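I have placed the structure first, in the form of structure tokens, so that the comments after it can refer back to it.
Residue numbers (my numbering): 1181 to 1577.
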């Protein structure tokens, strides 16, 4: 039997010659879209991309690219024509625009009722508190004097301030030690969330994927090591994490995905506290840096499972392929010609996996990542750190 996939207007979508597959509309042209597109290729899934520029990471490799502003509703509506589902590589599309697309009959995954919890930290904290998910002490603050009152209500300064929308990779986040230091957070004129500064041992991430009909899978909980507010290294699974706390983190992430109605990939970033608890730090409803290790270290990558989820296909096996996998981000440095470093890196470590994003090299910019895997954690970590450092130019031998 040949089943022909049709769009909302009854028009058939697919490849020439009668082979029909769904079209996934991806809003955003960054590296997450690039790697999600890559994961869909073996499945024959077509991608249509809404990108800021033709030079964006995913725009370099996708077949159908629309250049436009995701903040413009007419642009989004025009882009959605011919797509069977809309998904994202970032959370910045205005919530009201997503509601308009849904009202037009366009499947949006994750939908706006879920995605708003990754878009707005104030909404996220309120919802997590409502469903009894452990979080740092927090509240919205009005001005520096209110920050001082928030600090006095707890253990005093320092406290963490976050703009409720738009922050990422340490942007829109301040650690302040007095009321005067809080002034910068209010200059943008947007609501500010104050949180206690958690005394944590390390940062963890629980990555899960959920489909529209409620099937869900959980990846091993990982340790995420940050440098200057940017993810530097991810270790899968998190070394030394007790089976009980690991299972608790997975259950928590699966519950958050269900309670919020998430469809697709959800990353729950966590603090492991010194007294043995876990607290939710952030949510991301898209493929996430803490899940890049799955490209080479899991039976089914986060990107492949995100594609499966938004199309409501059965989800793939999330189990690891090796005892340890380490992901190290490749940041831009003073050596723009990273390709010349391949000879050394590949000869030194034939098992090394390099993933580059097609970005111009700028100091501190994420331009790629490497994955290593094996049975000896110290060896796996050293290989990843060496490759990332050599590509950046901070290691020369």
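Note that beta-carbon positions come from the ideal geometry of N, C-alpha and C, so glycine has one too.
Since this is a predicted model, take the numbers as computed values, not measurements.
Limits of the beta strand (DSSP E) - the one that residue i falls within
| i | result |
| --- | --- |
| residue 1459 | 1458 to 1464 |
| residue 1380 | 1380 to 1390 |
| residue 1507 | 1504 to 1511 |
| residue 1451 | 1444 to 1453 |
| residue 1416 | 1410 to 1416 |
| residue 1343 | 1339 to 1343 |
Cβ neighbours of residue i in the same chain (closer than 7 Å, five flanking residues each side left out)
| i | result |
| --- | --- |
| residue 1557 | 1419 and 1504 |
| residue 1575 | 1566 and 1569 |
| residue 1459 | 1314, 1315, 1316, 1378, 1450, 1451 and 1453 |
| residue 1323 | 1366 |
Extent of the continuous alpha helix (DSSP H) run through residue i
| i | result |
| --- | --- |
| residue 1137 | No answer is possible for residue 1137: the residues shown for the chain start at 1181 and end at 1577. |
| residue 1206 | Residue 1206 -> not in any alpha helix (DSSP H); beta strand (DSSP E) instead, spanning 1203 to 1207. |
| residue 1525 | 1522 to 1528 |
| residue 1373 | No alpha helix (DSSP H) contains residue 1373, which is instead part of the beta strand (DSSP E) from 1372 to 1376. |
| residue 1483 | 1482 to 1490 |
| residue 1570 | 1557 to 1572 |
| residue 1395 | Per DSSP, residue 1395 belongs to no alpha helix (DSSP H) and is neither H nor E. |
| residue 1474 | 1474 to 1477 |
C-beta atoms of residue i and residue j nearer than 7 Å
| i | j | result |
| --- | --- | --- |
| residue 1237 | residue 1211 | yes |
| residue 1300 | residue 1345 | yes |
| residue 1386 | residue 1401 | yes |
| residue 1533 | residue 1509 | no |
| residue 1477 | residue 1501 | yes |
| residue 1306 | residue 1327 | no |
| residue 1288 | residue 1266 | yes |
| residue 1373 | residue 1471 | no |
| residue 1311 | residue 1439 | yes |
| residue 1541 | residue 1512 | yes |
Cα-Cα separation, residue i to residue j
| i | j | result |
| --- | --- | --- |
| residue 1492 | residue 1390 | 9 Å |
| residue 1435 | residue 1523 | 45 Å |
| residue 1309 | residue 1514 | 45 Å |
| residue 1281 | residue 1215 | 25 Å |
| residue 1184 | residue 1200 | Unreliable positioning characterises residue 1184 in this predicted model, as indicated by a pLDDT of 30, which lies under 50. A coordinate reading is not provided. |
| residue 1380 | residue 1368 | 29 Å |
| residue 1489 | residue 1546 | 27 Å |
| residue 1506 | residue 1339 | 32 Å |
| residue 1437 | residue 1443 | 8 Å |
| residue 1279 | residue 1325 | 37 Å |
| residue 1221 | residue 1332 | 54 Å |
| residue 1462 | residue 1406 | 14 Å |
| residue 1375 | residue 1319 | 7 Å |
| residue 1480 | residue 1486 | 10 Å |
| residue 1572 | residue 1404 | 20 Å |
| residue 1455 | residue 1425 | 12 Å |
| residue 1256 | residue 1275 | 12 Å |
| residue 1243 | residue 1538 | 16 Å |
| residue 1370 | residue 1415 | 35 Å |
| residue 1335 | residue 1399 | 35 Å |
| residue 1494 | residue 1554 | 29 Å |
| residue 1560 | residue 1253 | 46 Å |
| residue 1213 | residue 1536 | 13 Å |
8 Å Cβ shell around residue i - same chain, five flanking residues per side excluded
| i | result |
| --- | --- |
| residue 1441 | 1290, 1291, 1293 and 1294 |
| residue 1364 | 1354 |
| residue 1233 | 1209, 1239 and 1247 |
| residue 1271 | 1295, 1298, 1299, 1464, 1465 and 1466 |
Residues near residue i by beta carbon distance below 6 Å, same chain, minus five either side
| i | result |
| --- | --- |
| residue 1529 | 1563 |
| residue 1469 | 1411 |
| residue 1483 | 1215, 1216, 1219 and 1467 |
| residue 1446 | 1388, 1437 and 1465 |
| residue 1263 | 1203, 1205 and 1228 |
| residue 1392 | 1443 and 1492 |
| residue 1259 | 1230 and 1246 |
Considering only residues of the segment 1207 to 1280, which uninterrupted alpha helix (DSSP H) runs meet the minimum length of 4 residues and lie entirely inside it, listed in chain order? 1211 to 1220 and 1253 to 1260
Length-filtered (4 minimum) alpha helix (DSSP H) runs lying within the segment 1280 to 1322: 1292 to 1299 and 1301 to 1310
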